[in-house]
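4 protein chains.
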Amino acid sequence: MSSPSQADDGDRIGDLRHKLRQFAAERDWDQFHTPKNLAIALSVEAGELLEHFQWLTPEQAAHLSADQLRPLRLEMADVLLYLVRLADQLDVDLVQAALDKLDINAKKYPVGLAKGNAKKYTEL
Amino acid sequence: MSSPSQADDGDRIGDLRHKLRQFAAERDWDQFHTPKNLAIALSVEAGELLEHFQWLTPEQAAHLSADQLRPLRLEMADVLLYLVRLADQLDVDLVQAALDKLDINAKKYPVGLAKGNAKKYTEL
Amino acid sequence: MSSPSQADDGDRIGDLRHKLRQFAAERDWDQFHTPKNLAIALSVEAGELLEHFQWLTPEQAAHLSADQLRPLRLEMADVLLYLVRLADQLDVDLVQAALDKLDINAKKYPVGLAKGNAKKYTEL
Amino acid sequence: MSSPSQADDGDRIGDLRHKLRQFAAERDWDQFHTPKNLAIALSVEAGELLEHFQWLTPEQAAHLSADQLRPLRLEMADVLLYLVRLADQLDVDLVQAALDKLDINAKKYPVGLAKGNAKKYTEL
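Protein chains in written order, with our numbering: chain C, 1 to 124; chain A, 1001 to 1124; chain H, 2001 to 2124; chain L, 3001 to 3124.
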């Protein structure tokens, strides 16, 4: 269990970023962790996560057992780890980017138009 | 769905999770945000992020201009938004999962064996 | 790169391969069409194809209108084009590889064990 | 080694399509092979193919050993198998779609504008 450091002001993502930096530095992996390679790794991990769902019906996917959830949880972890690592390499504040994108989405998908339908904003 | 715990205080990911819940509820989008659909959306967004790198040399990808970085930052945001939403639907603490996975990786890739090489742990 | 064999006569994939070679050569695109970049492009296109399905119910996805099918068909085309191009760069006979893989799958998934279930062969 | 049947007029993809139909029918797998699930499986396999390249330099990826190529060839096979199966379910002639898309691309990327650069057609 990690405790947030002072430096991170309670930011658990910041904590993760520092641990990942150290992990890579100890293994001399910065040479592999280029932005392009990290974007590939992120996409590969997202595919591995998706693989768990590929033959499930929506109903089965909505009622996963603890045994089914365990590996899924670790695939989600992998996606986050590579995303945080990529954000670090590109000097992006991930959570701030997500908040900004949520604002953009709120304008693209106004409640009145988007309610109850899944159309892309270009088709609303 | 998980209810916010005390531990979420000051947690920016927890904050994002709550905003996303509200965003979906206002638009009646919970019907679309099934775990299976969210896993698909996550993978699709990871692909859109990767698209920005597809024809770049490693050198070009390591020296992105502000104009190149802007859309990339928002694609990274999309990945995080869907990941947080999926974690919420599956009641997974994303950052804790990542910390657990990092511990697992530290055992799979001991510094002595992994230093300076990118082989999979099964081949070390 | 492979040179066309006698066996390609009347092979529509072989025809496609030659057209793609010419297309790239005319545009001086061989410099971009490295195996790594083509594998990225293939994955990106597979994501674009998948995007069309992301919010559809299984029922909706099984009854696509002509308007829905038209863009899907072209995304499938993109996947094939990059796959054929990658196979050409790696000197792989794509259809023969698929036939070989089908033989492997027949052994991994014997009818008696696999009938009516979607478990991975490692769990049969 | 498969020999093209009369019915397929020498079309090796058509031959593959028929073998896949039979494979699924024998295992009662049509229930899983919905268009949505097949599009997921295709994307997952494209990710598995990409995984082989993720930490390679462009130079390493351009000079694969026979040992490296063997699993790659089977991943490419998996992509083709799911693509052919999806095309069959959607009643799409895959090779014709690819030829049509190549014509579209030739107009989007005229030799004079596209020569030697990898910009998207919207930026040419």
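Quick reminder that beta carbons are idealized off the backbone N, C-alpha and C, glycines included.
The structure presented is a predicted model; accordingly, all values stated were derived computationally and were not measured.
Whose CA, out of the options, lies closest to the CA of residue i?
| i | options | result |
| --- | --- | --- |
| H:A2046 | H:L2072, H:V2079, H:A2061, H:Q2031 | H:V2079 |
| H:L2102 | L:V3044, L:K3036, L:H3033, L:E3075 | L:E3075 |
| A:K1036 | C:W55, C:I40, C:S65 | C:W55 |
| H:F2053 | L:A3041, L:R3017, L:H3018, L:A3062 | L:A3041 |
| H:L2020 | L:D3091, L:A3106, L:K3019 | L:A3106 |
Could you tell me if residue i is buried or exposed, where buried requires 16 or more neighbouring beta carbons within 10 angstroms of its beta carbon?
| i | result |
| --- | --- |
| L:D3088 | buried |
| A:S1043 | buried |
| H:A2062 | exposed |
| L:G3014 | buried |
Tell me the rounded alpha-carbon separation between residue i and residue j.
| i | j | result |
| --- | --- | --- |
| H:D2011 | L:R3012 | 7 Å |
| A:A1024 | C:L69 | 23 Å |
| C:Q96 | H:I2104 | 48 Å |
| A:R1017 | A:E1059 | 36 Å |
| C:E26 | C:K119 | 47 Å |
| H:A2066 | C:Y121 | 21 Å |
| A:Q1031 | C:G112 | 17 Å |
| L:K3108 | H:T2057 | 33 Å |
| H:E2051 | C:E123 | 15 Å |
| A:D1008 | A:P1110 | With a pLDDT of only 43 at A:D1008, under the threshold of 50, the placement of this residue in the model should not be trusted; the figure read from the coordinates follows. Using only the alpha carbons, I get a separation of about 32 Å. |
| C:D91 | A:A1098 | 20 Å |
Just to confirm my understanding: we take residue i, look at its own chain, exclude 5 residues before and 5 after, and list those with CB closer than 7 Å. What are they?
| i | result |
| --- | --- |
| A:L1038 | Y1082, R1085, L1086, Q1089 |
| A:P1004 | Legend: pLDDT at A:P1004 = 42, less than 50; position of this residue unreliable, no value from coordinates given. |
Between residue i and residue j, is the Cβ-Cβ spacing less than 9 Å?
| i | j | result |
| --- | --- | --- |
| A:D1028 | C:G116 | yes |
| C:L64 | C:L49 | no |
| A:L1100 | C:A77 | One detail in the question is off: residue 1100 of chain A reads as Asp in this sequence, not Leu. Yes, the pair counts as a contact, with Cβ atoms nearer than the cut-off. |
Would the C-beta of residue i count as close to the ligand ATP, meaning under 8 Å from any of its heavy atoms?
| i | result |
| --- | --- |
| C:G14 | You won't find the ligand ATP in this model; it holds no ligand whatsoever. |
Near residue i, what residues of its chain come up, given a Cβ to Cβ distance below 8 Å and the 5 sequence neighbours on each side ignored?
| i | result |
| --- | --- |
| A:H1033 | A1024, R1085, Q1089 |
Residues in the same chain with beta-carbon distance under 6 Å from residue i, minus the five sequence neighbours each way, listed in chain order, please.
| i | result |
| --- | --- |
| C:Q22 | none |
Using a Cβ cut-off of 8 Å, which residues of the segment 40 to 74 of chain C contact any Cβ in chain D, in chain order? Of the chains in the structure shown, none is chain D; the protein chains are C, A, H and L.
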